[in-house]
Every structure is written in structure tokens, then in C-alpha cells.
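Below you'll find the structure, written out as C-alpha cells, and then a few comments.
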Amino acid sequence: MSRLGGVGFNYREPYEARYRVRDVAGGYRFVVVRLPGVVVDITRQTHAEAALRQTTERLQLLMGTPKDYAVVLTNAAGVVVEWLAGADTIIGYTSAEAIGQSVELFFTPEDRAAGVAADEMATAATVGRAEDKRWHLRKDGSRFFADGVMVPLRDEAGTLRGYGKVFQDVTGRRVATEALARITAESEQQKRLYETILSATPDFVYVFSLDYRVRYANASLVQMWGCEPIGKTFLEIGYEPWHAEMHCREIDQVRATKEPIRDEVPFQGTNGGRMYDYIFVPVLEADGEVEAVAGTTRNVIARKAMEDALRDTDRKKDDFLALLAHELRNPLAPLRTGL
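Numbering (our numbering), first residue to last: 67 to 405.
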């Protein structure tokens with residue numbers, strides 16, 4: 067029989083010692099001796115503790131860099147019994163400070179009030195694991211976001227001995243994700259705002275890629291084209307070859323010169339014949355290179371009709387004045403002769 071450890075014998079204190087003994091089958095069993103005269107078989111408990119240590123060692127090997135991962139072991143009541151890997155680095159408490167404390171030690175006040183730790187242990191004991199993605203509390207009061215899991219730890223007989231909680235500090239990733247979500251939401255809000263404005267105007271607003279494909283078109287333009295245009299070329303939308311070639315040349319010109327161009331062109335769309343005044347402008351990247359060509363187009367057929375009417379009025383006025391001058395000149399001729 068070999069002694070494994072225990073407190074020294076003292077009449078004023080309870081005596082307890084652990085021993086390894088050989089049984090009748092030739093194997094070893096573990097017992098604890100307590101005075102007065104109590105011997106308890108703790109073989110299962112000793113094996114369970116050894117299994118927990120092996121599990122811990124494997125977890126530490128799997129976790130890799132301690133500063134990124136933490137492993138915390140508790141008993142069945144949720145009291146910390148092992149403070150491993152990067153727990154001290156991530157949470158801030160030393161092993162001596164944490165052992166003996168509730169696992170709620172590093173839970174936020176809100177989660178403590180809600181009983182989150184108890185719910186996690188109940189879930190882990192029932193289904194075998196409880197995933198944990200939430201904010202936790204450091205010793206200095208700051209918070210960190212952890213991505214982890216809690217699993218039950220059982221002995222050979224299946225008795226629940228405690229829980230293992232393994233988690234990773236992913237605060238940086240979480241902050242970046244939240245920032246991205248916020249930026250995306252703001253971008254979507256701006257997009258809805260611009261879409262509302264651009265859809266309310268009768269003018270056409272668009273963006274073309276440098277390979278002559280539609281990247282954006284507002285609602286008025288989509289209605290005029292009568293098809294879903296995104297990704298299509300001018301020919302695929304239904305432009306006549308001369309018209310498509312003209313706009314392709316203009317896109318190349320804007321790309322080469324980085325200068326806007328403006329012109330007028332007739333077009334036959336779903337609304338009939340129109341005369342359009344359009345402008346193409348370069349969309350520049352941060353380095354100053356053209357990445358796309360944007361523009362607006364306005365139906366000016368009414369303006370053209372008004373200009374034609376004004377020109378016709380001016381012509382008629384000139385004709386009338388010429389006729390009047392001619393008619394007035396003829397009656398005055400005799401008088402001029404007599405004088």
C-alpha cells in the first residue's frame with residue numbers, strides 16, 4: 067500500500083489520507099482514510115479527476131495560443147475548480163483568485179440577473195453542449211466578446227462531475243462585424259433615400275461599366291427600356307447598331323479624356339419617339355482613374371417643339387414685315403414722283 071497524500075496527523079484536526087491499494091484481482095484501487103476509522107473507496111473519483119486532467123491537457127493542446135483561448139472547469143454546482151489556458155490573460159483573474167468562485171465571475175451583471183450561467187449548465191447537461199456567444203466581463207470591468215461552448219464532464223459511471231467551458235476572445239471580430247452591420251445599414255438607408263429621389267424624377271439616371279454594360283438605371287429609365295437592364299449591353303437592351311456604337315465610342319472618350327461630353331439624340335422607346343439631351347461624366351476611383359461612366363438624360367422633345375414654334379413665328383414675322391414694307395412702298399411711289 068502506498069500513500070498518495072493527505073494532511074499530517076493532528077489531534078486537533080480531522081485526519082485524511084489517500085492510498086493506492088492492490089485488490090484481490092491484482093489491480094489497484096484508490097481509497098481515502100479518515101479518522102476515526104473511515105475508509106472510502108474513491109477509485110471512480112480518482113479516475114474521473116485523471117480523466118479531467120487528460121481532457122484539460124488535450125484542450126490546451128487544441129487551443130493553441132493561450133492568449134486567444136481560455137479553458138475553465140467547474141464542479142457540478144458551477145464553482146470553478148480549474149482555471150486553465152488563457153483564462154487569466156483574457157479575463158484578468160489569476161488562478162488563485164478564480165478557483166472557488168462561481169462561474170458567473172466573468173459574466174456580465176445583466177446575464178447574472180438573467181441566470182444565463184445556470185441555463186448554460188442545464189442545457190449542457192441535457193443535450194451535451196451549450197454554445198455561448200455573448201459579452202463577458204473582465205476583472206478590470208471592461209467587456210470582451212467570447213465565442214465558446216460549455217460541455218458536461220462525467221465519470222466512467224456517467225455521473226455528472228462538472229462542466230468544461232472553452233471560449234475564444236473574438237472582441238475584435240465582433241466589433242468589426244458590428245461596424246460592418248452598421249455601415250451596411252447606413253448604406254442601405256442612403257440607397258433607399260437616393261432611389262426614392264431618383265425614381266421620382268422624370269429624367270433618366272444611369273451608370274455604365276467600361277465594357278459598355280448597365281450597372282445602374284433608375285425606375286424611369288427601366289420603364290422606358292421595358293426590360294431589366296442590369297448587366298446588359300446597348301444592343302441587348304434594343305438599341306439600333308449605330309446608336310449603340312455611338313454610345314460605346316462616347317464611353318471610350320470619357321474614359322480616355324476624363325472629361326464629360328454632352329449631346330442630343332433621337333430615340334424610339336416604349337413611350338414612342340423622343341429627343342433626348344444627355345450628358346456622360348466620368349466616375350473616378352481614389353487613384354484618379356475612371357472606373358465607370360455615369361450620366362443623366364432628359365426628354366427635350368417638348369422644348370424642341372417650342373423652339374421650332376418660335377423659329378416658325380420669327381419666320382412668319384419676318385415675312386409679314388417684308389410684305390408690309392413692300393405694300394407701303396408701292397402707294398408712296400406717285401407721291402414721291404409728284405414731289
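Heads up, the beta-carbon is just placed ideally off N, CA and C, and yes, glycines get one too.
Residue i beta carbon near the ligand MG (any heavy atom closer than 7 Å)
i    : result
E351 : Looking for the ligand MG in the displayed structure turns up nothing, as the structure carries no ligands at all.
Those residues which DSSP pairs with residue i across a bridge
i    : result
T363 : F270, Y344
Q234 : Y135, D213
V280 : F274
A358 : V349
E330 : D343
R200 : A212
W149 : V138
G228 : N141, L219
T299 : R279
F172 : F172 pairs with nothing; no bridge assigned.
Separation of residue j from residue i, as counted between CA atoms
i    : j    : result
R239 : I156 : 15 Å
M129 : Q234 : Low per-residue confidence applies at M129: pLDDT is 48, beneath 50, and the placement is therefore not dependable enough to give any value.
P332 : Q289 : 17 Å
R248 : E176 : 24 Å
D198 : T250 : 26 Å
T140 : R209 : 22 Å
A184 : G144 : 8 Å
W201 : E222 : 34 Å
F416 : T362 : Within the shown structure, residues of the chain are numbered from 67 to 405, placing residue 416 beyond reach of any answer.
A196 : E186 : 6 Å
R321 : I327 : 11 Å
A212 : T237 : 7 Å
K298 : L350 : 22 Å
G194 : E254 : 41 Å
Y305 : H313 : 10 Å
L226 : A180 : 24 Å
T267 : M216 : 57 Å
W291 : E302 : 11 Å
Q423 : G224 : Since the first residue of the chain shown is 67 and the last is 405, residue 423 is not available in this structure.
E294 : G207 : 55 Å
L287 : E252 : 26 Å
I165 : R178 : 18 Å
L127 : L150 : A caution first: L127 carries a pLDDT of 48, below 50, which makes its placement in the model too unreliable to give a value.
E311 : E244 : 46 Å
W308 : R381 : 34 Å
R413 : L246 : Residue 413 is absent from the structure shown; the chain starts at 67 and stops at 405.
Identity of the residue in the options nearest residue i by Cα
i    : options                : result
Y135 : G214, A183, G292, G228 : G214
E330 : M341, R321, K324       : M341
R364 : T225, D269, S286       : D269
D353 : R328, R381, K324       : K324
K205 : L226, D154, A245, A142 : D154
L203 : T225, A142, E254, V169 : V169
P218 : E252, H309, Y305, A142 : A142
G228 : T267, I303, V147       : V147
8 Å contact criterion, which residue i and residue j should meet: CB distance rounded
i    : j    : result
K257 : V138 : 45 Å between Cβ atoms; not a contact.
Y272 : Y282 : 6 Å
A242 : S265 : 33 Å between Cβ atoms; not a contact.
V182 : F173 : 6 Å
I296 : V280 : 6 Å
Meets three-Cβ-pair contact criterion under 8 Å: the region 271-291 and the region 350-359: They touch, by the three-pair rule.
Meets three-Cβ-pair contact criterion under 8 Å: the region 315-322 and the region 340-349: yes
Stretch pair the region 159-166 + the region 184-195: three plus CB contacts closer than 8 Å: Fewer than three beta-carbon pairs drawn from the region 159-166 and the region 184-195 are found closer than 8 Å, and the two stretches are therefore not classed as touching.
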